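Going by the numbering used here, the sequence shown opens with residue 1, and the numbers climb by one from there.
Have a look at the structure below before the remarks.
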Amino acid sequence: VYRGSVKDFQGFDANQDAEALYNAMKGFGSDKEAILDLITSRSNKQRVEICQAYKSLYGKDLIADLKYELTGKFERLIVSLMRPPAYGDAKEIKDAISGVGTDEKCLIEILASRTNQEIHDLVAAYKDAYERDLEADIVGDTSGHFKKMLVVLLQGAREEDDVVSEDLVEQDAKDLLEAGELKWGTDEAQFIYILGRRSRQHLRLVFDEYLKIAGKPIERSIRGELSGDFEKLMLAVVKCIRSTAEYFAERLYKAMKGLGTRDNTLIRIMVSRSEIDMLDIREVFRTKYEKSLYNMIKEDTSGEYKKALLKLCGGDDDAAGEFFPEAAQVAYRMWELSAVKVELRGTVQPAGDFNDDGDAQVLRKAMKGLGTDEGAIIEVVTKRSNAQRQQILKAYKAHYGRDLMADLKSELSGSLAKLILGLMLTPAQYDAKQLRKAVEGAGTDESVLIEIMATRNNQEIRAINEAYQEAYHKSLEDDLSSDTSGHFKRILVSLALGNRDEGPENQTQAHEDAKKLADVSSNDSSDSLETRFLSILCTRSYPHLRRVFQEFIKMTNHDVEHAIKKRMSGDVRDAFVAIVRSVKNKPAFFADKLYKSMKGAGTDERTLTRIMISRSEIDLFNIRGEFIDLFDKSLHHMIEKDTSGDYRKALLALCGGED
1 VYRGSVKDFQ GFDANQDAEA LYNAMKGFGS DKEAILDLIT SRSNKQRVEI CQAYKSLYGK
61 DLIADLKYEL TGKFERLIVS LMRPPAYGDA KEIKDAISGV GTDEKCLIEI LASRTNQEIH
121 DLVAAYKDAY ERDLEADIVG DTSGHFKKML VVLLQGAREE DDVVSEDLVE QDAKDLLEAG
181 ELKWGTDEAQ FIYILGRRSR QHLRLVFDEY LKIAGKPIER SIRGELSGDF EKLMLAVVKC
241 IRSTAEYFAE RLYKAMKGLG TRDNTLIRIM VSRSEIDMLD IREVFRTKYE KSLYNMIKED
301 TSGEYKKALL KLCGGDDDAA GEFFPEAAQV AYRMWELSAV KVELRGTVQP AGDFNDDGDA
361 QVLRKAMKGL GTDEGAIIEV VTKRSNAQRQ QILKAYKAHY GRDLMADLKS ELSGSLAKLI
421 LGLMLTPAQY DAKQLRKAVE GAGTDESVLI EIMATRNNQE IRAINEAYQE AYHKSLEDDL
481 SSDTSGHFKR ILVSLALGNR DEGPENQTQA HEDAKKLADV SSNDSSDSLE TRFLSILCTR
541 SYPHLRRVFQ EFIKMTNHDV EHAIKKRMSG DVRDAFVAIV RSVKNKPAFF ADKLYKSMKG
601 AGTDERTLTR IMISRSEIDL FNIRGEFIDL FDKSLHHMIE KDTSGDYRKA LLALCGGED
């Protein structure tokens with residue numbers, strides 16, 4: 001199935017188009033609208049024929065005339081469209097290695113993403129256009145393992161056999177693990193050989209097997225074991241093996257997000273993928289970033305340049321509201337990966353040489369007399385497990401006859417006080433307090449209710465109920481019921497029971513559950529869409545729900561999260577989405593919330609503090625890994641940049657390291 005956005009123009013006449021372009025550039029000024037309309041609606045093969053017809057009719061070079069008549073980004077885009085794909089790639093690489101410095105990102109993008117045939121065509125086009133050897137030029141302009149991998153990719157010799165040996169898959173996964181994680185230093189040659197030569201189908205299975213035996217995705221190991229441009233190249237290869245469309249969707253998003261636009265990247269991808277997989281890229285973009293590629297281009301560019309890019313894009317997926325097979329495949333792969341058992345790890349471990357009486361003395365000394373030694377308090381509190389902190393509370397009371405919590409409250413202030421006092425509560429007491437704050441007073445903080453209730457397991461929920469009753473002499477269920485309403489109230493009350501099934505998946509039941517979620521035709525008010533989602537999402541076990549979500553994708557070509565967003569709204573939608581994301585990948589759910597708490601102007605310190613406290617002994621180490629995978633920056637770095645003083649020092653101690 002053709003997945004490009006630009007197709008052969010029906011009723012094409014090269015001479016007629018050549019004449020139209022000549023007239024558009026004749027005389028004073030040029031008709032840019034006519035030029036962009038014509039060129040963006042012809043396939044590359046047809047544009048090449050137009051160039052030949054133009055030369056035959058007028059004895060002039062069309063590309064030279066276009067360069068003369070047009071300017072800036074619009075000129076670069078139109079001229080790029082006139083070159084055959086291989087010559088376009090050759091020009092991009094020539095520009096990347098010419099002059100002072102090298103555009104490594106351009107080299108990585110092209111050589112990591114092209115097929116064997118496209119690489120062979122590129123090498124031939126480079127030789128033809130510049131009378132130089134591409135491999136020799138790249139070898140002369142790069143170095144080290146980065147150079148070696150580029151040379152391997154330049155051979156265009158990746159295996160193309162779809163028949164996969166299970167034994168070889170297991171061996172390659174084991175070899176990659178032994179070459180990196182299990183080795184003192186790294187055997188880069190093994191990474192180069194396997195990732196540079198094996199077939200795409202084979203490598204996808206290797207990556208799945210690697211996740212099973214290493215307990216982490218191959219991308220995270222590459223980030224830990226490799227560095228610099230070599231690391232970036234290997235990550236790009238892995239991303240392209242997994243999904244070329246997803247790789248380009250990410251590149252396009254990064255080219256336009258934030259201040260300024262990376263126009264060279266935007267032009268190169270929009271031109272090079274317009275006749276290959278632009279429809280797939282659009283679909284993945286819409287799913288991954290919750291906005292259409294069309295709208296992001298519209299917001300980020302202007303003038304004829306914008307009009308031409310939008311024509312190449314070929315349509316607005318926000319308007320269509322559809323979810324297509326490529327996006328479904330990406331979603332399905334993510335569900336499959338989430339089903340693999342990964343060991344959860346906190347960043348705060350029990351102190352080995354723990355002495356509760358000694359720690360109580362250190363804390364008393366830090367608060368006695370004039371001034372407070374915040375550094376000593378941070379050192380003790382953040383380096384002890386919660387169980388050890390409870391022992392310190394008792395030892396402090398026994399030794400000094402004083403309430404440590406009261407002393408800390410009087411000596412500390414602001415964000416640091418909230419963080420340290422939160423760490424001194426038991427997890428259930430802390431969650432109960434956050435829930436109480438969310439429902440008391442004017443207004444309700446629904447986001448806190450959703451975050452806690454959607455992510456805690458049965459045991460944690462029951463402990464929260466007990467802590468809430470003890471602290472506030474009211475039941476949590478009663479407070480949730482009186483402060484919320486409708487389907488949202490019913491979701492929270494169901495979750496507050498802590499009665500989620502804890503058994504394994506049931507394949508037959510999962511298929512029936514998926515059918516129930518997919519059914520939009522039911523007119524029975526007692527079996528509303530929200531009721532059906534509640535009865536499944538709030539009661540089934542996590543392993544079972546993962547299977548339900550996979551069945552849902554098979555059945556509808558939709559991801560269940562996409563279906564929720566399309567068919568529901570408000571707090572009900574947000575609660576169901578949080579449950580789905582928690583089932584899918586809880587550390588990724590919290591990584592996303594942490595990122596949003598710090599990105600942009602200002603910091604949401606309540607969310608940042610709450611998550612750092614509540615996950616520090618459960619899965620904060622895993623959250624760190626997901627954070628860097630999702631946002632290409634470490635949680636440690638973002639906390640360091642976005643906070644200050646003793647509050648920052650305490651958060652970084654909880655974070656537990658720089659990735």
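Quick reminder that beta carbons are idealized off the backbone N, C-alpha and C, glycines included.
Source: prediction; values computed, not measured.
Once you ignore the five residues that flank residue i on each side, which residues in its own chain have a CB closer than 6 Å to its CB?
| i | result |
| --- | --- |
| D229 | E104, F146 |
| Y468 | A432, L476 |
| E343 | G215 |
If we ignore side chains and look at the alpha-carbon of each, how far apart do residue i and residue j end up?
| i | j | result |
| --- | --- | --- |
| F323 | F285 | Confidence is the limiting factor: at F323 the pLDDT is only 49, short of 50, which leaves the residue's position unreliable, though a coordinate-based value still follows. In a straight line, the C-alpha of F323 is about 11 Å away from that of F285. |
| G321 | V577 | Reliability of the predicted coordinates at G321 is poor, the pLDDT of 49 falling under 50, and the value obtained from them is presented with this limitation in mind. Each residue's alpha carbon lies about 18 Å from the other. |
| I194 | D172 | 7 Å |
| M278 | C655 | 40 Å |
| S614 | V1 | 48 Å |
| I192 | G315 | 39 Å |
| L370 | E440 | 36 Å |
| R220 | K148 | 22 Å |
| F549 | Q52 | 53 Å |
| E460 | E283 | 38 Å |
| D162 | L594 | 41 Å |
| L393 | E470 | 19 Å |
| R402 | Y647 | 25 Å |
| F589 | M234 | 26 Å |
| I628 | S43 | 39 Å |
| A417 | I377 | 11 Å |
For residue i, which residues in the same chain have their Cβ closer than 7 Å to its Cβ, ignoring the five residues on either side in sequence?
| i | result |
| --- | --- |
| Y130 | K94 |
| R547 | E505, Q507, A510 |
| T301 | T261, L309 |
| L205 | V164, V169 |
| Y542 | V583 |
| F631 | Y595 |
| D31 | A24 |
Out of the options, state which residue places its alpha-carbon closest to the alpha-carbon of residue i.
| i | options | result |
| --- | --- | --- |
| Q155 | E178, Y126, R197, A179 | R197 |
| I618 | S56, P427, A90 | P427 |
| L534 | C240, R223, H562, L492 | L492 |
| G258 | I297, E283, H399, A467 | I297 |
| G663 | I119, I108, S485, N264 | Within the shown structure, residues of the chain are numbered from 1 to 659, placing residue 663 beyond reach of any answer. |
| I50 | R83, K67, Y68 | R83 |
| Q391 | E460, A351, K409, Y58 | A351 |
| Q190 | W184, G180, S199 | G180 |
| G486 | E530, A249, A417, N458 | E530 |
| D571 | A34, M453, G657, I461 | M453 |
| L435 | Q361, L476, V348, G443 | L476 |
| D61 | V79, N44, Q46, A366 | V79 |
| L293 | L312, I39, A650 | L312 |
| F489 | G414, D478, N23 | First, the amino acid is wrong: residue 489 is Lys here, not Phe. The option with the nearest alpha carbon to K489 is D478. |
| Y22 | L57, A496, A563 | L57 |
| D513 | R500, A398, F552, I213 | F552 |
| T455 | S5, N557, G498, K437 | G498 |
| G88 | K55, E118, E640 | E118 |
| T556 | L416, M234, K565, L517 | L517 |
| D317 | D13, Y289, E343 | Y289 |
| G422 | T609, L150, N116 | T609 |
| A442 | L425, G414, R462, S482 | S482 |
| E92 | G101, L81, C106 | C106 |
| N386 | E466, I39, E275, L425 | L425 |
Pop quiz: residue i and residue j are said to be a contact at Cβ under 8 Å. What is the actual Cβ separation, rounded to whole angstroms?
| i | j | result |
| --- | --- | --- |
| L153 | L203 | Between L203 and L153 the Cβ distance is about 14 Å, and since that is not below 8 Å, they are no contact. |
| D353 | A395 | That pair is no contact at about 15 Å. |
| I108 | A236 | 5 Å |
| L412 | T372 | 7 Å |
| G645 | K216 | Wrong, their Cβ atoms sit about 33 Å apart, outside the cutoff. |
Less than 8 Å between C-beta atoms, sequence neighbours within five positions excluded: which residues of the same chain meet that for residue i?
| i | result |
| --- | --- |
| D642 | M598, T603 |
| R494 | Going by the sequence as given, residue 494 is Ser instead of Arg. So the qualifying residues of the chain are L534, C538, T539. |
| D574 | E446, S447, I450 |
| H473 | none |
| F74 | K32, L36, G303, E304, Y305, A308 |
| W184 | none |
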